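In the working numbering, the protein residues as written are 32 to 159. By construction, the Cβ of each residue, glycine as well, lies at the ideal position given by its N, Cα and C atoms. Everything numeric in this text was worked out from a predicted model, so none of it was measured. One structure is given here, and the rest of the page talks about it.
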């Protein structure tokens, strides 16, 4: 069975358009097991009920940004091994360095196309 048939992904973004574009791209890659959350707090609640292999998170969100979410994921024994990809329109070195320190697996700068998303994800999880 292909990885794309087994992998479970959580997409976290406060903008419904962005969530839609990412989930649409994942669907185009054949990834069907995708759930979404509107912010970091909702993502943590979702993960408690629905474990995933990979989180794709926006950086700039209300209540809890992407790096705060990553911090919580890495601090919990249940989620410390979950793959994490940060998507940001602000790919400043300080943000990227902080993400790497926290255990971010990869990042992608907005705007991006589906091929760039696929390449970014495959660097973390392997061939989809």
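Inter-residue CB distance, residue i and residue j (contact presumed, cutoff 8 Å)
| i | j | result |
| --- | --- | --- |
| residue 71 | residue 41 | With 8 Å as the limit, residue 71 and residue 41 do not qualify as a contact, their Cβ atoms being about 11 Å apart. |
Residue i burial status per 10 Å Cβ neighbour count (16 or more: buried)
| i | result |
| --- | --- |
| residue 88 | buried |
| residue 130 | buried |
| residue 137 | buried |
| residue 79 | exposed |
| residue 114 | buried |
| residue 36 | exposed |
| residue 96 | buried |
From the options, residue whose alpha carbon lies closest to that of residue i
| i | options | result |
| --- | --- | --- |
| residue 116 | 98, 108 and 37 | 98 |
| residue 55 | 38, 156, 145 and 106 | 145 |
| residue 102 | 66, 74, 38 and 81 | 74 |
| residue 149 | 39, 32, 57 and 121 | 57 |
| residue 156 | 49, 112 and 127 | 112 |
| residue 39 | 51, 62, 32 and 47 | 62 |
Distance CB(residue i)-CB(residue j) smaller than 8 Å
| i | j | result |
| --- | --- | --- |
| residue 110 | residue 140 | no |
| residue 45 | residue 82 | no |
| residue 34 | residue 159 | yes |
| residue 133 | residue 105 | yes |
Identity of the residues DSSP links to residue i by a beta bridge
| i | result |
| --- | --- |
| residue 88 | 43 and 117 |
| residue 138 | 117 |
| residue 68 | 43 |
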